[in-house]
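Undergrad: Let me give you the structure first, and then I'll get to my questions.
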Amino acid sequence: MAKYRQNLPQLANRTFLSDGGMETTFIFHDGLELPHFASFTLMATPEGRQKLRDYYVRYLSIARRSGTGFILDTPTWRANPDWGTLLGYGPEALRAVNEASIELLLDLRNEFETTETPCVVSGTIGPRGDGYKAGKMDA
1 MAKYRQNLPQ LANRTFLSDG GMETTFIFHD GLELPHFASF TLMATPEGRQ
51 KLRDYYVRYL SIARRSGTGF ILDTPTWRAN PDWGTLLGYG PEALRAVNEA
101 SIELLLDLRN EFETTETPCV VSGTIGPRGD GYKAGKMDA
């Protein structure tokens, strides 16, 4: 559900937090293997979805305690056709994982949002190639 599409609260002179390096946290702190740095692959199992949920809850709890808003970015930085193909995801599977990622965040917003802690859901779009190498520009 598009709750804030026409009136983004983070533009209203409020403080908003966001998460801090999902893939880095999963790989280097939690010891998870993420093929091609793709967190969206965690959506494939109940255990992976729980890991994602736990990750977001840590940050949402900080936002709630601090009375700040929170921007919930989907774990879909690599969920595009180029990386999807490399990871064995066709167009329908990519669509499904993107939709499921939004649903996860909508559930978290419903659970954690308060008047003092508005939660904006943001669909993350990452680079089609290497994010650290300039390449062809897509429009």
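In the numbering used here, the protein residues as written are 1 to 139. Think of the CB as a built atom: it goes at the ideal place given N, C-alpha and C, for glycine as much as any other residue. Note that this is a predicted model, so its numbers are computed, not measured.
1. When the Cα atoms are used, what is the spatial distance from L32 to S66?
2. In the DSSP assignment, the beta strand (DSSP E) including F70 goes from what residue to what residue?
3. In chain order, what residues of the same chain lie with their CB nearer than 7 Å to the CB of I27, ignoring the 5 residues before and after it?
4. Check the C-beta distance from T76 over to F37 and give it rounded, since I have them as a contact under 8 Å.
5. Just how far apart, CA to CA, sit Y89 and T15?
6. In the DSSP assignment, find the unbroken beta strand (DSSP E) run with L17 in it and report its ends.
7. Under the rule that 16 or more other beta-carbon atoms within 10 Å means buried, what is G21, buried or exposed?
8. Tell me which residues share the same chain as Q10 and place their Cβ nearer than 7 Å to its Cβ, disregarding the 5 neighbours each side in the sequence.
9. Beta-carbon within less than 6 Å of G84's beta-carbon, same chain only, minus the 5 sequence neighbours each way: which residues are those?
10. Short check: CB of Y59 to CB of D19, under 7 Å?
11. Could you check how far apart the C-beta atoms of L104 and R64 are, in whole angstroms? I think they sit under 8 Å.
12. Report all residues from its chain with a CB closer than 6 Å to the CB of N80; omit the five preceding and five following residues, and keep chain order.
13. Does G21 come within less than 7 Å of chain B when only Cβ atoms are used?
TA: Short version:
1. Straight-line measurement puts the Cα of S66 at about 29 Å from the Cα of L32.
2. Unbroken beta strand (DSSP E) run through F70: G69 to D73.
3. Cβ within range, chain order: L34.
4. The pair is not a contact, with the Cβ atoms about 12 Å apart (cut-off 8 Å).
5. Here the C-alpha atom of Y89 lies approximately 37 Å from the C-alpha atom of T15.
6. Start and end: F16 to S18.
7. Within a 10 Å sphere around the beta-carbon of G21 sit fewer than 16 other beta-carbons, which makes this residue exposed.
8. Excluding positions up to five away in sequence, the list reads F16, G69, I71 and V120.
9. Only L94 meet the Cβ criterion.
10. A distance below 7 Å separates the beta carbons of Y59 and D19.
11. The pair is not a contact, with the Cβ atoms about 18 Å apart (cut-off 8 Å).
12. Hits under 6 Å: R128.
13. Absence of chain B from the displayed structure is noted, only one protein chain being present.
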